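Take 1 as the starting number for the sequence shown in UniProt numbering and just add one per residue. Even for Gly, the Cβ is constructed at its ideal location relative to N, Cα and C. The structure presented is a predicted model; accordingly, all values stated were derived computationally and were not measured. Here is the structure we will look at, set down as structure tokens.
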Amino acid sequence: MSSFIPPPSPPPTLEGQENSSVVSNSRSCTPTPVPTNLKNLQESQPVVHTTPLLAPAVATVQTAEAERIEERRKRIGLNSQNDESDVQSSEEEEEEETEEERSNRELLESEALARQLMAEEALLSYQVAGSYLRDNADAFDPADLAALEQAMREEDPEAEGDIEEEESAEMDYDQLLELGDRLGDVKTDRWKLRYQSVISTFPLHKFSLKSLKPSPDDSELKCLICQCEYEENEELIRLPCGHVFHKDCGVEWAGRSDLCAYCRTSVEEVKK
């Protein structure tokens, strides 16, 4: 009887090797420790694919990150509002400065116009004074007339030139006013020295209602200086212009002015 010899067992297949290696690896591999420190999780980027054990920690990190982003947005919005308010305040200040500049400009224009008018008035006054001096040259002493003409030549507004025109115009205006006063004072002083000799040549008469002649004005009936009607036999004086006054009133008036109190005509001009 022959003995039975079993056939040799086949070598293990590749699939079996893989399965056995997988089983051995699954049994021998230990899980990698996962960090559970929240601070480390916050500093790291949020994990999208996580294990169920890390889900609460990741949610906490995402919430904190969202809050931080929202806080930054609020800060940016607040800064932008502050910037807008600063810009608006700056624009308002510029507008205020613009109004102030406009006010200053208008003030300067008004001052320039006033100086121009004063200069024109000064020139006109100078021309009037020169014309008066020429027309009444014979009423002044030659020495006084020469001095006045020299003063007017020195104070001629047109001879000042364009240097500091505005200031010179103001100076000329004041000087011309002073010159006008000087002319008036000289003329008045000269008249006071000779008025008695001049007025002594005017005719005198006594008032008589019977001999009264028709007159175009009321100077034949009352004295314009004292506003009193003439009485019979009162002594009157008749000026070269034809107007009549009380003798005393006429002499007193002539001591202050060479002009008729009624028609404002110079008694010397009419006399000539």
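Cβ shell of residue i (< 6 Å), same chain only, five flanking positions each side left out
i    : result
H243 : S219, C260 and Y262
A254 : Y195 and I199
Cut-off 7 Å between Cβ atoms - residues of its own chain near residue i, not counting five sequence neighbours on either side
i    : result
L221 : E229 and Y230
E235 : L204, K206 and K247
S266 : D258 and L259
C249 : C223, I225 and C226
L193 : none
Inter-residue spacing [alpha-carbon to alpha-carbon] between residue i and residue j
i           : j    : result
V198        : L123 : 35 Å
R72         : E100 : 42 Å
F207        : S125 : 44 Å
M118        : Q127 : 14 Å
R264        : E106 : 44 Å
C226        : D135 : 32 Å
A112        : T98  : 21 Å
K74         : L108 : 51 Å
A146        : E268 : 22 Å
W191        : S131 : 20 Å
residue 277 : S110 : Any answer about residue 277 is impossible in this case: the structure gives the chain only from 1 up to 272.
E149        : A114 : 29 Å
R256        : C241 : 18 Å
E232        : T201 : 23 Å
N104        : Q116 : 18 Å
E121        : R102 : 29 Å
Where residue i falls, given that 16 or more other Cβ within 10 Å makes a residue buried
i    : result
C223 : buried
D258 : buried
L239 : buried
I69  : exposed
A129 : buried
Close beta carbons around residue i, own chain, < 8 Å, minus the five adjacent residues each side
i    : result
P203 : I237 and R238
D217 : H243 and Y262
CB contact check: residue i to chain D, cutoff 8 Å
i    : result
E231 : The displayed structure is made up of one protein chain only, and chain D is not part of it.
| request: State whether the segment 187–195 contacts the segment 204–212, with contact taken as three or more CB pairs (one from each stretch) at a distance under 8 Å. | output: no
| request: Output the residue ranges of the alpha helix (DSSP H) runs that lie fully inside the UniProt domain "RING-type" (223–264) and measure 4 residues or longer, sorted by chain position. | output: 247–254
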